[in-house]
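Presented below is the structure to which this report refers.
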Ligand SMILES: [Ca+2]
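In the numbering used here, the protein residues as written are 10 to 290.
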């Protein structure tokens with residue numbers, strides 16, 4: 010017994026020595042792989058930690074900068090040209106790049122009537138009824154997915170037109186043709202609104218864009234584009250309390266860069282005075 014153990018640990022023939030040496034090599038290779046994968050995992054965790062720790066205050070500072078700016082606004086209206094402009098916030102070894110989108114260009118699902126909801130793509134009469142009967146207000150738009158009839162296909166069609174943020178007034182300077190249609194605008198009115206906003210180059214988001222100075226001035230400004238009929242004037246009159254020219258909630262799409270590397274992305278919604286929602290990717 011003692012001899013055989015001795016023979017295994019210290020083999021005398023060359024073949025056995027070679028096999029033993031190979032086993033030793035395999036052992037060290039496995040050990041080496043284990044150590045290096047442990048180190049690379051640790052480096053990855055540290056990088057992620059660094060991106061989160063440094064990226065979070067960058068995104069938060071960008072959001073607070075937007076809130077501050079809006080407390081003393083330069084303009085009394087919000088239009089696509091200004092909101093879509095790329096902005097940056099830099100601090101130390103980090104930078105946050107962001108663009109703004111208007112949440113109040115969307116229909117607020119918490120306050121919308123059934124008549125408006127049913128004109129949103131994907132929402133049938135039955136689904137619109139279910140939404141009205143459901144426990145509103147929703148804290149997040151994703152709660153809509155729990156409503157009967159809202160399949161993944163319906164959700165994909167309607168989500169970009171809806172919001173749970175803002176004061177329920179639609180910004181006429183940023184609303185899409187779908188949202189204007191949901192409010193009851195006929196095709197001629199929608200085209201007239203878009204024509205005013207697009208300006209001479211007929212493209213929205215450029216420097217020559219037009220805008221509506223106030224909700225009250227909507228009919229007067231549109232009448233420069235088209236001859237307004239009685240029903241159109243009546244609709245604009247009925248909507249005067251539901252329209253605005255300014256946003257009450259903005260969404261920031263933030264990209265962070267930490268030490269020159271792309272960090273975590275954030276989606277932040279800000280209201281008049283505070284951050285309303287926060288997501289990271
Ligand atoms: Ca333009």
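A virtual CB, placed ideally from N, CA and C, is assigned to each residue, including glycine.
Secondary structure note for residue 108: its beta strand (DSSP E) is the uninterrupted segment 103–111.
Three or more pairs of CB atoms, one per stretch, sit closer than 8 Å, so the stretch 216–229 contacts the stretch 251–260.
Distance from the CA of residue 35 to the CA of residue 45, rounded to the nearest whole angstrom, comes to 15 Å. Taking each of 263, 289, 287 and 281 in turn and checking the Cα distance to residue 99, the smallest one comes out for 263. The beta carbon of residue 209 sits closer than 8 Å to at least one heavy atom of ligand 1.
Not one heavy atom of ligand 1 falls within 8 Å of the beta-carbon of residue 238. Distance from the CA atom of residue 274 to the CA atom of residue 59, rounded to whole angstroms, is 14 Å. Where residue 36 is concerned, the enclosing alpha helix (DSSP H) starts and stops at 23–80.
For residue 54, the number of other beta carbons within 10 angstroms of its own is below 16, and it is reported as exposed. Approximately 7 Å separates the beta-carbon atoms of residue 202 and residue 181; this is inside 8 Å, confirming the contact. In terms of CA proximity to residue 233, 200 leads the group 247, 244 and 200. The beta carbon of residue 147 sits closer than 7 Å to the beta carbons of 118, 119, 153 and 173 from its chain, once the five residues preceding and following it are set aside; these are given in chain order. About 15 Å separates the Cβ atoms of residue 246 and residue 195, ruling out a contact at the 8 Å cut-off. Looking at the DSSP output, residue 171 shares a beta bridge with 116.
Between residue 114 and residue 126 a beta carbon distance of about 17 Å is seen, past the 8 Å cut, so the two are scored as non-contacting.
By alpha-carbon distance to residue 121, the top candidate from 39, 177, 284 and 104 is 177.
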